[in-house]
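Peer 1:
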Amino acid sequence: MDPRHAPAAMREAYRRYALDRPDLCGILLPGLLPHDACDAASRRPGRVKVLFVAESPPWTAGRREVAEPADCRSPGYPYFWNDRYDAPCRPDAAPLSRGLAENLFSLLGLDGNSRRENLDIFAAKGLFLVDTVRCVFRKNRKPVIPADLIRMSARKTLAPELAALAPEFVVALGNTALAGLRHIEPYASVLSGAGTITGLSREAIFEESRLLCLPYPGGRNRRYLDVIESGFELLRDLTG
1 MDPRHAPAAM
11 REAYRRYALD
21 RPDLCGILLP
31 GLLPHDACDA
41 ASRRPGRVKV
51 LFVAESPPWT
61 AGRREVAEPA
71 DCRSPGYPYF
81 WNDRYDAPCR
91 PDAAPLSRGL
101 AENLFSLLGL
111 DGNSRRENLD
121 IFAAKGLFLV
131 DTVRCVFRKN
141 RKPVIPADLI
151 RMSARKTLAP
161 ELAALAPEFV
171 VALGNTALAG
181 LRHIEPYASV
191 LSGAGTITGL
201 SREAIFEESR
211 LLCLPYPGGR
221 NRRYLDVIES
231 GFELLRDLTG
């Protein structure tokens, strides 16, 4: 394993960043990496066919802010890799009206009876998900993730992770993921001059770099549902 890909190295990268940003005290939690607290690596496929790149982990479990690793395993914490969380059953829910995990599972056509079952199916298909910003950033206190934090995360944590996973295809979910990938080759070159996630040449970028750029699959982007569904139709074809 590339030592930069190890959780301890990632925490150290965020600790160093936090030392230079005292204004983010209580907002950025450099030692809290839900991806590792939830042991996502244990579900990593031997061959990653599609890697989803999301934004950053949730900052609350219900109405309570998460503050330590044990909180990330709480049944109320909706983080993608938390297999103890099960969203309430809502068979008539509107498209994109649930959390990231449930929206992804629905778009991919996964039909497990629980979060845990769907994560098993997800991994069995050669799928994996990582965050652009690996640690918790409390967006309830500061809504916008700083550009320099995205840049540092891309170079210090996301880039070595991409190198270690060597996915066949990468899917950027939203503008934060897109911003991170702009700092990592070979994606930086192909994204040079590209607009926002909704204004770029999606097909040309995919053909050139096997990078699929999609609006974040959440309720605020329901107006882009056709674009999102079209992208996931392609992914279903790729993963069988």
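Here full-length UniProt numbering is used: the first residue of the sequence shown is 1, the next is one more, and so on.
We put the beta carbon where it would ideally sit given N, CA and C, even for glycine.
Values in this document were obtained by computation on a predicted structure and should not be read as measured data.
Can you tell me the Cα-Cα spacing of leucine 165 and alanine 172, whole angstroms?
Peer 2: One C-alpha to the other measures close to 15 Å.
Peer 1: Check whether the stretch 95 to 109 touches the stretch 197 to 215, taking contact to mean three or more Cβ pairs, one atom from each stretch, closer than 8 Å.
Peer 2: Counting Cβ pairs under 8 Å, fewer than three are found: no touch.
Peer 1: By Cβ distance below 7 Å, which residues in the same chain neighbour leucine 33 in space, the five residues on each side in sequence not counted?
Peer 2: Contacts found: Pro7, Met10, Arg11, Arg134 and Cys135.
Peer 1: What span of residues does the alpha helix (DSSP H) with phenylalanine 206 cover, start to end?
Peer 2: Phenylalanine 206 -> alpha helix (DSSP H) spans 202 to 209.
Peer 1: Would you grab the beta carbon distance between proline 57 and aspartate 131 for me? Rounded to a whole angstrom, and I think it's under 8 Å.
Peer 2: Right, the Cβ-Cβ distance comes to about 6 Å (below 8 Å), so this counts as a contact.
Peer 1: So, helix, strand or coil for leucine 24, using DSSP?
Peer 2: DSSP places leucine 24 in helix when its eight states are reduced to three.
Peer 1: Report all residues from its chain with a CB closer than 7 Å to the CB of serine 153; omit the five preceding and five following residues, and keep chain order.
Peer 2: Thr132, Val133, Arg134 and Gly180.
Peer 1: Which whole-angstrom value is the C-beta distance of phenylalanine 105 and arginine 44, which I expect to be below 8 Å?
Peer 2: The Cβ separation is near 18 Å, so there is no contact.
Peer 1: Below 8 Å, can you find three or more Cβ-Cβ pairs linking the stretch 137 to 144 to the stretch 18 to 28?
Peer 2: A contact exists between the stretch 137 to 144 and the stretch 18 to 28.
Peer 1: Within the same chain, show all residues whose beta-carbon is closer than 8 Å to that of glutamate 65, passing over the 5 residues directly before and after it, in chain order.
Peer 2: Only Trp59, Arg138 and Asn140 meet the Cβ criterion.
Peer 1: One question on the structure: do arginine 236 and leucine 108 come within less than 9 Å of each other, judged by their Cβ atoms?
Peer 2: Yes, the pair counts as a contact, with Cβ atoms nearer than the cut-off.
Peer 1: In three-state DSSP terms, what is glutamate 102?
Peer 2: It is helical.
Peer 1: Cβ atoms of threonine 196 and asparagine 221: under 9 Å apart, would you say?
Peer 2: Contact flag unset, no.
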